[in-house]
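K.L.:
Taking the working numbering, I'd label the letters of the sequence shown as residues -17 to 375.
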Amino acid sequence: MPIKFAERMDHIGTEGAFEVLAKARQLESQGRDIVHLEIGEPDFATPDNIVEAAVSALQSGYTHYTPAGGIMEARQAVAGFVHRRLGVEVDPAEVVLVPGSKNVLLFTLLACVEPGDEVIYPDPGYPVYASLINFIRATPVPIRLREERQFRMDLDELAALVTRRTRLLIVNTPQNPTGGVLTKEDVEFIARLANQHDLLVIADEIYSQLVYDGFQHVSLLGQPGMKERTVLMDGMSKAYAMCGWRLGYGVSPRELAARMETLMINSSSCAAAFTQMATIEALESPESERAVQAMVEKFRARRDLLVDGLNRIPGFRCARPDGAFYAFPNIEGTGLPEKEMADRLLDEAGVAVLPGTAFGPAGKGYIRLAYTQAEPDLNRALERIEDFVKKAS
Ligand SMILES: Cc1ncc(COP(=O)(O)O)c(C=O)c1O
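If you want it as C-alpha cells, here you go:
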C-alpha cells in the first residue's frame, strides 16, 4: 500500500548540492573520474589539535547525553568567541549548540513565525531558507541579489519589501552562492530597518571568517538595538573544516534560546558530547586560529586561480567574490542554460557544479563552483570546462 504523506511534505524543498553529489558518486562507482566542485565542504582535514581534543574527550567519557543547549563550558566558549570577534557581550544562556547550524534556522522559524507571516530572504540564496519558509507555510519574500551590485542587496528594494506582515529577515554574509559580502553601510542600514519595523533577523554568518584581501566582516549582532532581535547562525563546518562533526550554534535573546533548547529536547536531544568538547579547543586555542588563517590563505589563492581561469573561457563572466568559497559565473554568453550546463558538465566533462537556479529563480544564467578543492583539481576542472564549452557552443 503506498504511504500517504502529510500535506506539508508537498512544500519542502531540497539542497541541490546533495543530489548532485549523490549522482557524481554514482558515476565514480562506475569508474568515471569526477572533479567535485558541487558541495560547500572544505577538502582540508580538521586541524590536528581539534581532532586530538575530540579523541581525548571520547577517552575521558564524553560519550553521554549532554544538557540540551550544550555543555556549559562549550556554551561559554562560544560566548567568549563571539565577544572577542564582534565585541558583543553574550551570556552562555543565550547560546545553544545544535547538530549543524541549519537547525538554528529551523528552530527560529518554528518558534517565531506563524503561517502567513512574511519572511524576506536572499535570491539567489542558500536553498534551505526557501524550503523551510515554505514548509512552515510562511510567505516567502525573496530579495534579489544582482551581479552589478556585487551580489549585495539593493537597500531601497529591501525597504520596499517590508510590510505589516513581515516577521523575519534572513541575511547571509558572506553569501552562498555568490560570495558577496555586505559592507558596513549595508549592515547599518539593515539594522536601522529592523529596529524601525520591529523585525526579527537571522544573521547567517557561517562564512564570516572566510573573507579575503583585507575585507572586514561586519556582523548584524554588533549593531545598536540588534542584540534583542538577532539570531546569529554560525557553526564549525566551514572555517574549521568540520562539516562532518555537525556542530552549529545559535546566539539569540535568552527567551528564544530557551525555546530552541525545548526544540532540541524534542528532536536531537543534544549535539554530540565529544564534538562539543572539540569545539572548545577550536574556538579557544591559538593553534586553531593559525590553522584557519592558513586555510583562508589557500582559499584566496584558489579563488584567484578559479576566477581568472573562468574568465578566460568564452561565454563566461565571473565576478571576484570577497568571501565564502564559491564562484558564481554568468554563463549566458555560452548559449547554454544553467541546468543543461551543469548536467552536461557532469555527464560529459566529469565536473560537478550546480546550476544557479538551485539557489532560486534569480540564479538563472549562472552556475556555482565551490573552490574547496586543491589547485591541481581546479586546473583539471578548468581545462575540462573549457574543452566542453568550445565543443558545445
Ligand atoms: C549559508 C549557509 N548557511 C548554513 C549552512 C549549514 O551549515 P551546517 O549545517 O553544516 O552548520 C550552509 C551550508 O552549506 C550554508 O551555506
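All C-beta atoms, glycine included, are put in the ideal place defined by N, C-alpha and C.
Going by the C-beta, is SER186 closer than 8 Å to any heavy atom of ligand 1?
P.N.:
In the sequence as presented, Ser is not what sits at residue 186; that position holds Asp. Yes, the Cβ of ASP186 comes within 8 Å of a heavy atom of ligand 1.
K.L.:
Please go through the same chain and pick out, in chain order, the residues whose beta-carbon is closer than 8 Å to the beta-carbon of GLU378, but skip the five residues on each side of it.
P.N.:
As shown, the chain starts at -17 and ends at 375. That puts residue 378 outside it, with no answer to give.
K.L.:
Based on Cα-Cα distance, which residue from LEU91, GLU100, ARG126, ALA255 lies nearest to VAL110?
P.N.:
Selected option, being the one with the closest Cα: LEU91.
K.L.:
Could you tell me the boundaries of the alpha helix (DSSP H) in which VAL274 lies?
P.N.:
Run containing VAL274: 268 to 293, per the alpha helix (DSSP H) assignment.
K.L.:
Would you say the beta carbon of TYR409 is closer than 8 Å to some non-hydrogen atom of ligand 1?
P.N.:
Missing from the structure shown is residue 409; the chain here goes from -17 to 375 and no further.
K.L.:
Buried or exposed, going by whether 16 or more other CB atoms sit within 10 Å of the CB of VAL37?
P.N.:
Its Cβ having fewer than 16 others within 10 Å, VAL37 is exposed.
K.L.:
Between PRO124, VAL77, GLY230, which lies nearest to SER83 when the distance is taken from Cα to Cα?
P.N.:
Per the Cα distances, GLY230.
K.L.:
Which ranges does the alpha helix (DSSP H) cover as unbroken runs of at least 4 residues, wholly within the region 171 to 251, from first to last along the chain?
P.N.:
Counting only runs of 4 or more, we get 236 to 247.
K.L.:
So, with DSSP's three-state summary, where would you put MET135?
P.N.:
Here MET135 sits in strand by DSSP.
K.L.:
Determine, using beta-carbon pairs with one atom in the region 214 to 223 and one in the region 184 to 203, whether at least three such pairs fall under 8 Å.
P.N.:
Segments in contact, yes.
K.L.:
With a cut-off of 8 Å on the beta carbons, I'd call ARG57 and VAL77 a contact; round off their distance for me.
P.N.:
With a Cβ gap of about 4 Å, ARG57 and VAL77 count as contacting.
K.L.:
So the candidates are ALA142, ASN158, VAL153, GLY232; which of them puts its Cα closest to the Cα of LEU202?
P.N.:
Selected option, being the one with the closest Cα: VAL153.
K.L.:
How far does the beta strand (DSSP E) with VAL80 in it reach, from first residue to last?
P.N.:
Where VAL80 is concerned, the enclosing beta strand (DSSP E) stretches over 77 to 80.
K.L.:
List the endpoints of the continuous beta strand (DSSP E) containing ARG350.
P.N.:
Note, ARG350: beta strand (DSSP E), 349 to 352.
K.L.:
Here's the rule: buried if 16 or more other CB atoms are within 10 angstroms of the residue's CB, otherwise exposed. What is PHE370?
P.N.:
PHE370 is buried by the Cβ-count criterion.
K.L.:
Do you know offhand how far HIS18's Cα is from PHE0's?
P.N.:
Whole-angstrom Cα-Cα distance: 12 Å.
K.L.:
For ligand 1, is there a heavy atom less than 8 Å away from the beta-carbon of LEU87?
P.N.:
Flag set: Cβ of LEU87 near ligand 1.
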